[in-house]
Structure formats: C-alpha cells, structure tokens
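One line per chain: the protein sequences are A and B, in this order. For the first sequence, our numbering assigns the number 37 to the initial residue and increments by one for each residue that follows. For the second sequence, our numbering assigns the number 142 to the initial residue and increments by one for each residue that follows. No residue lacks a Cβ here, since even glycine has one placed at the ideal position from N, Cα and C. Here the structure is a predicted model, which means the values were calculated and not measured. Written below as structure tokens is the structure these notes are about.
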Amino acid sequence: MLLSTIVFLPLVGALLVMLAGGRGDRPEREGTVRAVALAVSLAAFAATLFLWWRFNPLEPDFQFVENRVWLPQFGISYHLGVDGISLFLIVLTGFLTPLALLTSWQSVHKSVKLFSFFLLALESAMLGVFVSIDLFLFYIFWDAVLIPMYFLIGIWGYERRIYAAVKFILYTMVGSILMLIAIIGLSYAHAAASGTPSFNLLDFYGTTLSWPMEKWFFLAFTLAFVIKVPLFPFHTWLPDAHVEAPTAGSVILAGVMLKMGTYGLLRFAFPLFPNAAHLYAPYIAGLAVIGIIYGALVAMVQPDLKKLVAYSSVSHLGFVVLGLCALNVNGVQGAVYQMLNHGVSTGGLFIIVGMLSDRRHTRLISEFGGLKAVMPRLVACFLLVTLSSIALPGTNGFIGEFLILLGSYLAFPRLTVFAATGVILSAVYMLWMFQRVNYGEVTNEKNRNLPDLTVREWALMIPTIALAILMGVAPGFFLKPMEPSVIRLLDRINGVHSAALTPDLKSGPAGGGGR
Amino acid sequence: MSSFAATIPILIVVLSAVVALLAEAIRRPGERMYLAGLGLIGLVGALIASCVLWDTDAVSFGVVRADNFSLFINIVLCLIGILTMVFANDVVEREGLPAGEYYALTLFGISGMMLMAAATDLLVIFLALEVLSLSVYVLTGLRRSSAAGAEAAFKYFLLGSFSSAFFLYGIAFAFTIAGSTRLDVVGTAIASAPNTTLALLAVGLLAIGFCFKVSAVPFHMWTPDAYEGAPTIVTAFMSTAVKAAAFGAFVRVFLSALEPMQGQWMPVLGVIAGATMILGAVVGVLQNNVKRMLAYSSIGHAGYLLLGIVAANSAGKGAVLFYLLAYAVANMGALGIVALLGTAAHAHDQLRDFAGLWKSRPGLAGLMTVFLLSLGGFPPTAGFIAKWYIFSAAVQEGHYWLAIIGVLSSVVSVFFYLRIVVMMYMTEEPAAPARPAISGPAMVALAFAVIATFYLGMLPNRVLEYAMQSIQTIF
C-alpha cells in the first residue's frame, strides 16, 4: 500500500486544494490554498523518504510490490513496484515538488488554486510513471503527465505560452502514441508465445520476438523516450517549453519529466529488446554526443538566461543517454546518478533564474551585471549551483559525469573523446554567463537596489545546495542501493546478447562509498 | 405476448412520442408542458425494459431480435435520449423551437434507431432507417426561420435519399441471390455462392448506404453542413444516436450475414476507415465553428469505429460497442454544453465564444475539458480505453498501418480539441452577451456524463464484459 499511498497522496491533496479554494476565484483564500498544497507536497516528500528508509538496498528486484487484477481479459493489472533505479527518481520527484510550489509563492497570483491543483496532479502522474510495472498502467501515467503540464505552461507561462504548450503536448504525444501500438503488439506477441495475455513488464522480459518485430518495437519505444529526453534532433520542443513555462513548470520539466525519457530507455526500451538495443546503442550514443556538443554551443550564445539553462539540459541529458548506451555498470550507474544531479542542479538554476526574473521581470543576460555587489548571498548560492552544474569535483555533477565517461570509454572510446569536450564547454558557457550576470560594475541602474534572498528563498536554496554537496561527497549513499538493480537490469540486456561488451560487467568497480 | 417481447422497448418509446404529439395538440397557446419529463419517462421505461430483456434473446415476428447486442445499443440510445431530454428542457423554448414537434420527432427517431439495431431483416432495417432519417431530416430544419437550417436539412435530405436508394438497391440484389431479405437466409446464400457479381453489388451498395449514415469518407459531405445548420441540441443528438444505430446495423449486417465475403469488403472498408480518420482529423483543424469542428471530429470517430469492423475479430466487435458508448457520453457532454450556452440570438458556437469560459464558469469549463480530453483519447477517461480497445483489436489482426494512421490522426485531432481548451483557459473573455444560466437538472446530467466518462476510463471492466457478451449473441 505504501506505493499507492505515495502515488495518490498528491492527487488527493490536489482535490483538497480545490475544496480549500472554495467556489470560483477567491484571492483571499490564496494563503490557505498555498499552505494546504505545500503541506501535502511535504507529506508526499516525507512518504518518499520513508520509502527510502524501508528500502532494502541489497535486493535487486522490485520491492513494495502491489499487484491487483484490473482488466483480466487483457492481462492488465494494477502492478506497482520500486527498485534501486526508480527509488531515487521517486525521492527526487518528492523533493522538487515542494520547491516548485515555493518558487511560485511570489510569481503566481492567477488562480493559485488551479495552479496548485495541476502541480500536485502532475506529481501523482510522474510518481505513477516511475512505479508502474504493468506497461498499460505505465502508459496511462505517461500520457496523463502531459495534461497538467500543458495547463501549467499554457495558463501561467510567458508571452508565447500557448504556442509552447501546444507544441509541447503534440510533439511528445506523437512519439508516445506510437509506443502505444508497440505495447499492444508486444502484448499480442507475448500472448501468442505463452498463451496468456499480459502487460506485465516482467513477463515481457522473457518474451522472444522475431527480429523485425523487435526492431520496430524498439524504435517505437525509443522514439517516445528520446523525444521526452530530448535527444538531438528531437529537442526542438524543449527550449520553447522551458522558456515559456513558469518557474515551477521549468523546475519540474527539467527536474523530473526529462528523466522519464531516460528512465524509459533504461527500464523498457533496452531490456525489452536487447538485440535491437545492442545494434542501435552506438547510433543513439552518437546522437547523444552530438547533443552534448550542440547543446553546449547553442547554450553559449543564448541571450536569455532561461534558454541558456534549457540548452544546457540538452547537453547534460546527452551525457545521461551516452552513459545508458554504454550498457555497462559504470555507464548506467553514472547515468542514473546524473539524472538525479541534473534534477537538483538544473532545478536549482531554474529557481535562481526565477528569482532574478521575479525581481527584474526580464531574463536577458545583458540586462544584468554586477549583481554580486547588490545581492551577495543570492550570488553565492548562484555560484554553488553553477559549479554543481559544471560538475566541479566535490559536487554531485562530477561523480555522475566521471562514471559516465568511464563507462562510455569502454564501449565507445572515440565518441567519449568528443563527449569529454562537453565537460569543458559546459564550464565555458556557464562561467561566462555567471561572469556577465554577476561580476563587474553595476551597469543597469535598475539593478542597483535589488533585495537579497528572503527567508522563503533561503528555504529554496539551502536544501538544493545541501543535496548537491551531499551527493558530491557521499555518492555511495546513493549508488549502493541502485547497484544491485542496475546489475540485474544489465544482465537482462547483456545476457541475451551473445557477446558481452565489456569485461568488467559484473565485477566492475561500481562506485561504492569508498570514492 | 411473448411474440411482442422484443419490441417492448421500441413500443414504449413510440408510445411516449405519440403522447407528446397529442399533448402538443391539446396544449393551449402559451401553456408550458413538461414534454421533456414525458420523454424521460418513456426512455427510462425503455431502459428498464432493455435491462429486463437482457439474456432472454427474445425474437418478435421473426424479424426483430432483442439479443444482447441490440439491447446494448438500446441502452446507449436511451442514455443519449435521456441526456438530450434533460438538455432540451433548458434549450428548446429558449431557442424558440416548436416543443411538441421537437420531442415527438426525437422520440420517433429513437424508436427507429432501436428498431434498426434490433432488426434481422434487411427490409426492416430499411424501414427503421427511414423512420430515423425522416425524423432527423425534420429535426435538422426545425428552426424554420434559419436559412442555414433549411439549407442543412435540404442537403441532408437529398443526399440521404440517394443513399437510401443505394441501400434499397443493395437489398434488391441480396434478395435476388437469396430469395429473401432475412439476414440469416442471405448469409447462407452468400456463403454458398460468394464472390458472384450480384453478391459483390449487394455488398457494395449496402456498404455505401451504411457509410453514408455513419458519415465515412467519401460519403461524409453532408455532415459538416447538417451539423452546423441544425440546432445544437439536434446536432448533439444526431451525432451520437444516429451513429450508434447505424453502426449497430452495420456490424450486424457485415459481421454476420456478409461475413463470408469478408475478404472482399475488408480491404475497401480498411481504406475508407483510414481516409475517414485522416480527413476527420486534418480538416477539423481548420474549423473555427465548434459545431463544425465537432462534426469533423465525429467523422474521425466514425473512422475509428470502422477500424473495429475492419478488425472483425471478437475484440473488434466488442470495441465498437464500447467505443459507441464512450463516444456518445463524451460527445453528448461536449455538444450539450455548447447547446446549453446558446440562445436564440447568440448561438455560442464560434471558437472565440468560448474565450475565458474558465473565468466566468469554472465548473462548466472543467466539464467541457474532460469531455474534450475523452474525445481526444487521453487517460484516464473513457475515450482512451475505447481507442485503446479499437487499436488493440486492429493490431491483433495485424492491421499495423491502420492502427498507426489511427493514433497519428488522433494526435492531430487533439490539436483542435485543445484549441477549445486554449480558448476557455488561456484567452481573455470578450465583451460578449452574458451566457445563460444552466439549470440544476442539466448540471446533474452533465455531472453524470463526467462520472460515466471517468468510470468507463478507470473501471471499464464490467461494461467491457457486457460488450463482449453482447457481440456473442449475433453469431
């Protein structure tokens, strides 16, 4: 019941928020609504921490499994479970949602009730994506995520919000709806082979498919996931969505939703179709490396802070995909770790951009300059988050990128050389941006009297930075519980494939706490 | 008595229609009669009778069969009828429609539809088709002062007559082969001598007749004009009920009597289904009138339903029934809201009329959003399960391409459903005439439709079971 509680607690909270808001649009109830929403999201976060506490880190398989028959004639069940890979994504979702609510404290005043409702409903749907074992259920949550996000961008976004919202929903739907066909096809292939209908992921792992089927299904799944990631060249919806979304939307979008794509690759596309995965992984890795460099170069020339962070996401997610495609323990573990890092660091960056934008109502880098003298505390936090995003040793990003490069060097040594330049480029565009915004003389008079961090903003920054440093200095704390599940999943992917790619598949120096 | 059993639901509806006509005759000028209540009594009676007849497989006069299949359609029709009656109670007088005629014709139409789904004889199907068609032609042009309404009715009538003629020719050829118009006799005759020219002609002409009624491409031309020109409450009724009845007969004729010729008609219907899905979605994008947009959306939905017939397996047949129900609830809800917001002076059917609806009517905007999401096939609504069920049936038979066309066109259709959502939530309210208030019963009916939409989307098990049981009886 724990997983169901975690998944549906935010949704129940969303309905509570609607009740607390009363009929119609009542500004005087805003405070109550915000308090209820925050309380619910904190309770959900506490529940995810409780899950982590009760989680058995030595167990590679799904834990806290709930399995109830739902549509028996199709073999569909309400089947939930969590393993080392999804555990931290769940915790991350729980962590970021209260932050997203807090960031909107000052900036959102238009129907706070509905805003909180959609944000909490979104949390439920995202949590559902990470705990579903049944593919039908997974697809329902996967699709359900789109609707609240669509509203968040479309109602509370900036000028071109409607265009961005519609582009976001249609673009991501095109990919995911082909996956639906593949899921159905997979189920019939399984039924034809075993005689019983099923949508259970664990049943599908054992299904052998004919090569054309495996190939097409793999491509359909992968298309859905790489659009979500987004992998170059499917990334064009992302800058629009990020730039137009309200800060809370950007935090959730970058922090959690992009990870749904990489999570899907790791959990579904690769292990379900291992032969196709081995055939196509180098090509996907190639696109990932193009994305790393392209994202970094484009980020460098962005005049808009939010767009810069958005393109940096393309670059960072490229690293994650590269790590996954390596299909060895280091690469995959690094990739999962990097998913969490990116959630924390980029979430933090979006929060800071939101703070600047709340103060100045602009996000153009040229409008700022010399902020260090005006808001020393905010800039200090900004620096820490920036460094964590660049992957300075001692911050979370370093561990992730290092593991990824280690893993991908074994699989694709030449590509890795190019990927490594992305590390340097990220330092270039981030530090250059940081310099232009914060150092030098105050050139714009409007920046002269900006207030420094408020209590609420400290509450946003402290957890983010603390987590970034904790993940940088004590990675074993996070890597240990995910290791058995990563190894189990890789066995599934590589076991079927005749030639294992790397020698250290099972005994590799998989990032323990000793580092 | 027992020989009448199968016709009881139909007779109840006919009776209430007759009473509605008589009531209109004795009504003093200016007196208001609750004809909607009368219709409700009749429809609830028919609903109960249909439930009682479940599993009895009663046959009347050898040509009307109350098997679970027709009863399922009956129940769908009764639900549509009940929603129509509740909405009409708000709308009909406000719009200045002649009440007696409206209620009587709607009820006669429903009786014809019930007969059409239950008939096991081609001629009876034809009679039922004419009963429902004539009612709907008149309903389309019910607003006598409206030029658009008259044009719509005339167009619908002319094209409809042609299609009826095609259908009748088809029956004639079938009769030539079998010496009877009974479906079972026709089926045996065709099974023993399939692929003769006569049989091909019969199948082709019958298919044209049905495709016209369900508005499949290329026989869809009347749909946008008729739906736009008709009073909105009539549009809501005919876009759901006519479709349900026509698909009922379509499934019965093509998947039982004409099944031996499946190899001949399946590729053709497959192409029609694909074209219908694409056209409904793509042309719908260009519309600025909500009724016209939903007309194209209903063309698209006809394509998905045809896909279920093309799949022709047991899942496909069950899927058609489930889809009809899911579509009926969502479309009645969406067009019902359009109808409830309209007045005689201001139809409230342009896209921009919906601007800022969320500000002034948050509840109504929320309901509308759910219906539109269901039509677009988003989980966890009925539309998603219905579409999934259809595509699943198609994939099972290896129709991957049609399924892919289906899902992609449904993404395109999401675009125009979202245009309404964008208007309601993301655009400022114009200085338009105030929207009329919505009565309690209408709100209850809308709430019922929303609950049904979620129920079918989240716990579809029981209804799916019934749908599966229903299709077993027609074989």
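- Residue contact check for B/SER533 against chain A: a CB pair falls below 7 Å.
- Per DSSP, A/GLU159 is one residue of the alpha helix (DSSP H) stretching across 148-167.
- A distance below 6 Å between beta-carbons, with the five flanking residues on each side excluded, links A/PHE100 to the following residues of its chain, in chain order: LEU38, LEU39, VAL118.
- Relative to A/ALA502, the option among A/PHE81, A/VAL165, A/GLY430, A/LEU363 whose CA is nearest is A/GLY430.
- Assigned with DSSP and collapsed to three states, B/ASN215 falls in helix.
- At a cut-off of 7 Å between beta carbons, A/GLY190 contacts chain B.
- At a cut-off of 7 Å between C-beta atoms, B/TYR566 counts as an interface residue with respect to chain A.
- For B/ALA544, the closest Cβ of chain A is nearer than 7 Å.
- Look at A/PRO429 here: in three-state DSSP terms it is strand.
- Setting aside the 5 residues that flank it on each side, B/ALA240 is surrounded in the same chain by LEU176, VAL233, each with a C-beta closer than 6 Å to its C-beta; the list follows chain order.
- In this structure, DSSP gives B/SER201 an extended state, which the three-state scheme calls strand.
- Comparing C-alpha distances from A/THR133 to each of A/SER122, A/PHE174, A/LEU171, A/LEU78 shows the shortest one belongs to A/LEU78.
- If you ignore the 5 residues before and after B/LYS528, its C-beta comes within less than 6 Å of the C-beta of GLY518, all in its own chain and listed in chain order.
- Pairing A/TYR207 with A/ARG528 gives a Cβ-Cβ distance that is not under 7 Å.
- Among the residues of the stretch 158-186 of chain A, those with a Cβ less than 7 Å away from any Cβ of chain B are ILE176, ASP179, ALA180, ILE183, in the order of the chain.
- Counting other Cβ atoms within 10 Å of its Cβ, B/HIS540 reaches 16 or more and is therefore classed as buried.
- Here B/ASN430 is bridged, per DSSP, to B/GLN491.
- In the structure shown, the three-state DSSP call for A/PHE100 is strand.
- Contact check for A/HIS378 and A/HIS352: beta-carbon distance about 5 Å, within the 8 Å limit, so the pair qualifies.
- In the DSSP assignment, A/TYR114 falls within the beta strand (DSSP E) that extends over 112-118.
- DSSP links A/LEU107 through a beta bridge to A/ILE112.
- Chain B places a beta carbon closer than 7 Å to that of A/ILE198, counting this residue as a contact.
- Counting only the Cα atoms, B/GLY415 lies some 45 Å from A/ALA80.
- Linking A/GLU481 to A/ALA305 through their CA atoms gives a straight-line distance of about 53 Å.
- The Cβ atoms of A/ILE440 and A/GLY367 lie closer than 7 Å to each other.
- B/ALA496 sits in coil when the DSSP states are folded into three classes, being neither helix nor strand.
- The beta carbon of B/ALA480 sits closer than 7 Å to the beta carbons of PHE228, VAL232, THR373, ILE374, ALA377 from its chain, once the five residues preceding and following it are set aside; these are given in chain order.
- Between the beta-carbon of B/MET418 and that of B/GLY444 there is about 3 Å, and that keeps the pair under the 8 Å contact cut.
- In its chain, beyond the 5 residues on either side, GLY598, MET599 have a beta carbon closer than 6 Å to the beta carbon of B/PRO521.
- Counting only Cβ-Cβ distances below 7 Å, B/GLN537 has contacts in chain A at TYR224, in chain order.
- Taking CB atoms only, A/GLY221 has a neighbour in chain B less than 7 Å away.
- Counting the other Cβ atoms within 10 Å of the Cβ of B/GLU369 gives 16 or more, which makes it buried.
- Under the three-state reduction of DSSP, B/ARG206 is assigned to strand.
- If you draw a 10 Å sphere on the C-beta of A/PRO307, you find 16 or more other C-beta atoms in it, and that means buried.
- A distance of 7 Å or more separates the beta carbons of A/THR139 and A/THR272.
- Around the beta carbon of B/PRO601, a 10 Å sphere encloses 16 or more other beta carbons of the protein chains shown; the residue is thus reported as buried.
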